[in-house]
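Enquirer: Next up is a structure, given as structure tokens.
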Amino acid sequence: MLPATTLTMSDVATLIDALIAIVGQPFVRTTPQADIYRLDERVPWVVVSPGTVEEVAAVLALAHGAELAVVPWGGGTTMGLGQPLERMDIVLCLHRLNHILEHEPAELTATVQAGITIAVLQNQLGSRGQWWPVDPPLPESATLGGVLATNASGPKRLLYGTARDLVIGVQVVHADGVSSKAGGKVAKNVTGYDMMKLYIGSLGTLAVIVGATLKLRPLPPVQQLVWAGFPTPVAAWQAAQPLLRSQLLPNAIELVNPTVAAFLQRNVAGPDSGQGWGLLVGFDGVEPAVARQIRELQGMCQAAGMTAWWTDLDDGRLWRALQARFRPQGTERDERLVLRVATVRTEVLPWLDGLARDEVCGGEGLELAARLGNGLIFANLPYPHDRAGTERLMERMTEMRAQLMARRGYLVIESAPVSFKAQFDSWGDLGPQAEVMSALKREFDPRRVLTPGRLFNGL
Amino acid sequence: MLTPALIDALRQIVGPGNVIEAPEDKLVYECDGLTMFKAVPDIVVFPTSTQQVADIVRLAHRERIPFVARGGGTGLSGGALAVEGGIMIALTKLNKILEIDLENQRAVVQPGVVNLWITQAVAGQGYYYAPDPSSQQACTIGGNVAENSGGPHTLKYGVTTNHILGLEIVLPDGRIIETGGPAEDYPGYDLTGLMVGSEGTLGIVTKVVVRLMRKTEAVKTLMAVFESMDDASNAVSDVIGQGIIPAAIEMMDQLALEAVEAYIHAGYPTDAGGVLLIELDGLRDGMDEMAAQISEIARKHNAREVRVAQDERERELLWLGRKRAFGAMGRISPSYYVQDGVIPRTRLPEVLRRIRDIAARYRIRIANVFHAGDGNLHPLLLFDERDAEQRERVLKASEEVLRACAEVGGSLSGEHGIGIEKREDMPLVFTEADLAAMLKVRQAFNPENLCNPGKIFPTPGRCIEVGPPVTEKVVDGVRIERF
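Okay, structure coming up:
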């Protein structure tokens, strides 16, 4: 176990006492309860769970003064994203900040604290006929703050966009314990810089998000998911082309390889005829529009040679199962490697096909899911057991990354064992813009106490 | 600050034909769409490549000369005003559409490309560029990026930032960087998102990767006439409450209607309290039912008339009145000053009452055009700019209008930006800590503050005041002439 900052036992005792004075004793955990917050082979000295923004601020101010590294923690579903942490002294749990502060259905906005889980949020918004149209993985555990910090998203981003399109205000606490807000409660706003864009996706390296104002949509009256089976990715892709060019309005277009299709069939639902690639397409809206779009899609799929067709699917369960598959948790993180390949739509097929057949990555254990309309491919493969296997994989990934970047795409690691990330950078070379990002980090966190090391160049 | 040697160097960079120095020639560049405030740059240059922009900026940075970018000059908050003099970098010659990729729904354009040109280039194949500010026939994409421009369709389709995927930027020290690109979710911080709406204070954009949208299959436009703005406003809340998201919802009050009828004769009733223009778009299926639902809601709120456009010609006529509303003010007033506050939609009746009260107290007429879809209020303060006393009253009244918007939880600007016009009002909506966080961003990009200085942020020392004094506009020690 790698040590955190060098603290003597008496330092730790002092720290614990100071934190108890801020949040109260039940909300300060140390070993052994803190040990479940193991991350990147580190265990924090203490896990603290503040109940108010003021308490968050006081904790951060304290940590800042002592130059202790703080890692904000929501549902813990995506803590593996990014380069291994340089230091981790205090884990700051946000789950007690879990209220919806305001929900104005007539305004289509809601102001929400960061610690609420997505499932609870959607449930409460749903009781007034609305939702926040972001469908990230593991919604029962993932919190709003975590979703924003990681810019997590799901298949329905095709129609609705991602968090950056759906957050109009934010409240944060800075590394030194000062809190600030940006944006507002109205969707059309050019009053000062769009700080929401900066904080979203910043992986907790610039500030701790404690609340946000969200843009909502009405819950659609009807939601349907259809599954079309194809023998090859080429055929499935050919079915999707007329769909992408049309004026139809699918909310998701996902293509999964036979391994994933089989898993979904076994565990959730799906056509029980044969193996093959699965094209999953979602529609929502008023009934006549959804019905007509499904009919038209069926025609497109038939023309491309589909071998299976099913419309009676529980879309919530299916999407959740699919997304969970690409988000290994706990010890699974040491056994799988999950990559995100990003390119433009027209280059998804060659990459998908290429990955499936690849000498190094391909094979029975490879799971693939492609967001066809967004040019994103997720690959989940077993982590090699031997040194030679790992080296071959790294070589191959280096090649792929170079090929992608030459065409303005990229390859990032979504999840991998720490030892792999120590040798193969999660993010790749960001080019000259990295200097500006470093300058921002220096401005916002000069003492490098917020989630240090997650991004790049030790950012 | 600009020596003959430096002027010569600039001429070398862009070519002698791309420099404007003579005072009489610079007059055009002394203001943008906010004609009330003027400031003359020392020189105006017209680069024709990214490298030239970078060379100009590097020179300016080295010599500590302030610089400001300018696009179509249509901005309404003084964003292209050279408040500290220096070099004005006009981007109008960087005006090419470099790439159109319909399959991937992307285009790459230079900042001087006029907004409408993009849609015109792809409309034939059934695509368009969604953000459509009313000035789209003249405003440029670079300006749109700087101001995060909107338009009437933002309720459903968002604003400029939702359609910008990548940028090429010349940083305030002359370095060139690329952010984002044609793919999605690039690693690192979202510098592209941060640049949009930064009003030219973080760098100069020299290339833009935009998202193209597929045209919708069907569109349906309705007009509803109400006895009062309260009724119209409640009808809008009801439509949204029933789960309908129109592509656009526009509202005009009686004074605005009077002006429009005097100008266009679109058939608007001048004795109505307010008119709603609602546009649905999307798939054909179910659209008629949705329109019927909206009609019913309107009548439930005492609509005296509901008209559904039967064809394209009728639709255009209904929209003509709304689109010409600002220009129509000329029929009933020599001049107008438009505000850009945003308020929660449900607070509109209350804010309108306050505006009526402000109008009465300052003895000026105020017409209201409202993007009811997103809460963007455009109060049009009518006056005669030749009369200095009226100008004073208008500026004071507009201050109070802005304050009213801030007090109901709204915002200072929906689409025009803060610029120089509203910078002293920032403390109405942000604390010192809020502004300090934003200043960290500026510090990371533009530490010497040479890139479009004097915009967005209040003058130091003013932060703690609530609302600025209206009588004096001396900016950073430089007297800004007020027409």
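As they're listed, the protein sequences go chains A and B.
Per the numbering used here, the very first residue in the first sequence carries number 47; after that it's consecutive.
Per the numbering used here, the very first residue in the second sequence carries number 793; after that it's consecutive.
Yeah, the Cβ is synthetic: ideal placement off N, Cα and C, and Gly gets one too.
Out of curiosity, what's the CA-to-CA distance linking Ala152/A and Gln1034/B?
Expert: Taking the first residue of the first sequence as position 1, residue 152/A is located at position 106. Taking the first residue of the second sequence as position 1, residue 1034/B is located at position 242. Rounded to the nearest angstrom, the two C-alpha atoms are 9 Å apart.
Enquirer: Determine, for Arg1091/B, whether the minimum Cβ-Cβ distance to residues of chain A falls below 8 Å.
Expert: Within the second sequence, residue 1091/B is the residue found at index 299, counting from 1. Under the Cβ criterion of 8 Å, Arg1091/B is not counted among the residues facing chain A.
Enquirer: Count the other CB atoms within 10 Å of the CB of His431/A; is the residue buried (16 or more) or exposed (fewer)?
Expert: Counted from its first residue, the first sequence places residue 431/A at position 385. Result: exposed.
Enquirer: Strictly under 8 Å for the Cβ-Cβ distance: is Ile956/B near chain A by that measure?
Expert: Counting from 1 along the second sequence, the entry for residue 956/B is found at position 164. Cβ-Cβ to chain A under 8 Å: no for Ile956/B.
Enquirer: Identify, in the order they occur along the chain, each residue of the same chain with its Cβ nearer than 7 Å to the Cβ of Val892/B, setting aside the five sequence neighbours on each side.
Expert: Along the second sequence, one-based indexing puts residue 892/B at 100. Val is not the amino acid found at residue 892/B; the sequence shown has Ile there. Excluding positions up to five away in sequence, the list reads Ala899, Ala913 and Val914.
Enquirer: Please classify Asp1045/B: is it buried, with 16 or more other beta-carbons within 10 angstroms of its beta-carbon, or exposed?
Expert: As a position in the second sequence, residue 1045/B is number 253, starting the count at 1. By the neighbour-count criterion, in which a residue is buried when 16 or more other Cβ atoms sit within 10 angstroms of its Cβ, Asp1045/B is buried.
Enquirer: Under three-state DSSP, which class holds Tyr1129/B?
Expert: Taking the second sequence and counting its residues from 1, the one referred to as residue 1129/B is at position 337. In the structure shown, Tyr1129/B adopts extended strand secondary structure according to DSSP, grouped into three states.
Enquirer: Candidates Tyr920/B, Asp924/B and Val905/B: which alpha carbon is nearest Thr932/B's?
Expert: Your numbering for residue 932/B matches position 140 in the second sequence. Ranking Tyr920/B, Asp924/B and Val905/B by Cα distance to Thr932/B puts Val905/B first.
Enquirer: Could you tell me whether the segment 270 to 277 of chain A touches the segment 346 to 361 of chain A, using the rule of 3 or more Cβ pairs below 8 Å?
Expert: yes
Enquirer: So, under 8 Å CB-CB, Glu991/B and Lys1247/B are touching, yes? Tell me the CB distance rounded to an integer number of Å.
Expert: Along the second sequence, read from residue 1 onward, the residue named residue 991/B stands at position 199. Along the second sequence, read from residue 1 onward, the residue named residue 1247/B stands at position 455. Glu991/B to Lys1247/B, Cβ: 5 Å. Contact.
Enquirer: What in chain A is Cβ-close to Glu1104/B, meaning under 7 Å?
Expert: Here the question's residue 1104/B lines up with position 312 in the second sequence. At a C-beta separation below 7 Å, Glu1104/B has no neighbours in chain A, since its nearest C-beta there lies roughly 17 Å away.
Enquirer: Have a look at Asp360/A, Leu364/A, Gln71/A and Phe424/A and flag the residue whose alpha-carbon is nearest the alpha-carbon of Thr506/A.
Expert: Absent from the structure is residue 506/A, since the part of chain A shown begins at 47 and ends at 505.
Enquirer: Determine the DSSP secondary structure at Gln375/A, reduced to helix, strand or coil.
Expert: Within the first sequence, the letter at position 329 stands for residue 375/A. Three-state result, Gln375/A: coil.
Enquirer: Chain B partners of Asp211/A, CB-CB under 7 Å?
Expert: Translated into positions along the first sequence, residue 211/A becomes position 165. Contacts between Asp211/A and chain B, judged by CB atoms closer than 7 Å, involve Gly950 and Asn954 in chain order.
Enquirer: If you follow the alpha helix (DSSP H) that His149/A is part of, which residue opens it and which one closes it?
Expert: Within the first sequence, the letter at position 103 stands for residue 149/A. Counting along the chain, His149/A falls outside any alpha helix (DSSP H), though it belongs to the beta strand (DSSP E) covering Ile146 to Glu150.
Enquirer: Under 8 Å: do the segment 74 to 83 of chain A and the segment 93 to 104 of chain A share three or more Cβ pairs, one atom per stretch?
Expert: yes
Enquirer: Can you tell me which of the three DSSP states Val236/A falls into?
Expert: For this step, residue 236/A is matched to residue 190 along the first sequence. Looking at Val236/A - three-state DSSP - the assignment turns out to be coil, as it is neither helix nor strand.
Enquirer: Would you mind telling me which residues of chain A sit closer than 8 Å to Arg1003/B, beta carbon to beta carbon, in chain order?
Expert: Within the second sequence, the letter at position 211 stands for residue 1003/B. The premise fails here: Arg1003/B is roughly 10 Å from chain A at the closest Cβ pair, so nothing lies under 8 Å.
Enquirer: Who are Ser1/A's beta bridge partners in DSSP?
Expert: This structure does not reach residue 1/A, given that chain A is present from 47 up to 505, and the question cannot be answered.
Enquirer: Just to confirm my understanding: we take Ala1058/B, look at its own chain, exclude 5 residues before and 5 after, and list those with CB closer than 8 Å. What are they?
Expert: Counting from one through the second sequence, the residue named residue 1058/B turns up at place 266. Residues of the same chain with a CB within less than 8 Å of the CB of Ala1058/B, apart from the 5 flanking positions on each side, are Val1052, Leu1109, Leu1110, Leu1112 and Gly1113 in chain order.
Enquirer: In chain order, what residues of the segment 878 to 899 of chain B put their CB closer than 9 Å to some CB of chain A?
Expert: Asp893, Leu894, Glu895, Asn896, Gln897 and Arg898
Enquirer: Give the residues from the segment 1067 to 1084 of chain B that approach chain A closer than 7 Å (Cβ to any Cβ), ordered along the chain.
Expert: Gly1074, Leu1075, Asp1077 and Gly1078
Enquirer: Going by DSSP in three states, Arg898/B sits in which element: helix, strand or coil?
Expert: In the second sequence, counting from the first residue as 1, residue 898/B sits at position 106. Correct three-state label for Arg898/B: strand.
Enquirer: At what residue ranges does the segment 1135 to 1193 of chain B contain a whole run of the beta strand (DSSP E), taking only runs of 3 or more?
Expert: Within the segment 1135 to 1193 of chain B, the beta strand (DSSP E) runs of at least 3 residues that lie entirely inside it are, in chain order, 1157 to 1163 and 1168 to 1175.
Enquirer: Taking Cβ positions, are Ala1284/B and Leu486/A nearer each other than 8 Å?
Expert: In this structure chain B extends from 793 to 1275, so residue 1284/B is not present and cannot be described.
Enquirer: Would Ile246/A pass as an interface residue toward chain D - the criterion being a Cβ-Cβ separation below 8 Å?
Expert: No chain D appears in this structure, whose protein chains are A and B.
Enquirer: For Gly328/A and Thr278/A, I'd like the C-alpha separation in whole angstroms.
Expert: Looking up residue 328/A in the first sequence gives position 282. Looking up residue 278/A in the first sequence gives position 232. Roughly 21 Å between the two C-alpha positions.
Enquirer: Helix or strand or just coil, what does DSSP make of Arg1254/B?
Expert: Counting from 1 along the second sequence, the entry for residue 1254/B is found at position 462. Reliability of the predicted coordinates at Arg1254/B is poor, the pLDDT of 48 falling under 50, and the value obtained from them is presented with this limitation in mind. Arg1254/B falls in the coil class under three-state DSSP.
Enquirer: Assuming Val280/A and Leu395/A make a contact with CB atoms under 8 Å, what is their CB distance in whole Å?
Expert: Position 234 of the first sequence, counting from 1, holds the residue named residue 280/A. Position 349 of the first sequence, counting from 1, holds the residue named residue 395/A. In this structure Val280/A is in contact with Leu395/A, their Cβ atoms being roughly 7 Å apart against a cut-off of 8 Å.
Enquirer: Report the residues of the segment 975 to 987 of chain B with a CB closer than 7 Å to any CB of chain A, ordered along the chain.
Expert: Ala975, Glu976, Asp977, Tyr978, Pro979, Gly980, Tyr981, Asp982, Leu983, Gly985 and Leu986
Enquirer: Applying a beta-carbon distance threshold of less than 8 Å, which residues of chain B neighbour Leu486/A?
Expert: Here residue 486/A corresponds to residue number 440 of the first sequence, with the count starting at 1. Those are Tyr981, Lys1232, Val1233 and Ala1236, listed as they occur along chain B.
Enquirer: Suppose the cutoff is 6 Å on Cβ atoms and the five residues either side in sequence are ignored; what does the same chain contact list for Ala1101/B look like?
Expert: The residue you call residue 1101/B lines up with position 309 of the second sequence. Correct list, in chain order: Thr1013, Arg1107 and Leu1110.
Enquirer: Is the beta carbon of Leu1174/B sitting closer than 8 Å to the one on Val1143/B?
Expert: Numbered from its first residue, the second sequence carries residue 1174/B at position 382. Numbered from its first residue, the second sequence carries residue 1143/B at position 351. No, Cβ-Cβ distance for Leu1174/B and Val1143/B is not below 8 Å.
Enquirer: I'd like the span of the alpha helix (DSSP H) that includes Lys202/A, first residue to last.
Expert: Here residue 202/A refers to the residue found at position 156 of the first sequence. Segment: none, Lys202/A is in no alpha helix (DSSP H) and carries neither H nor E.
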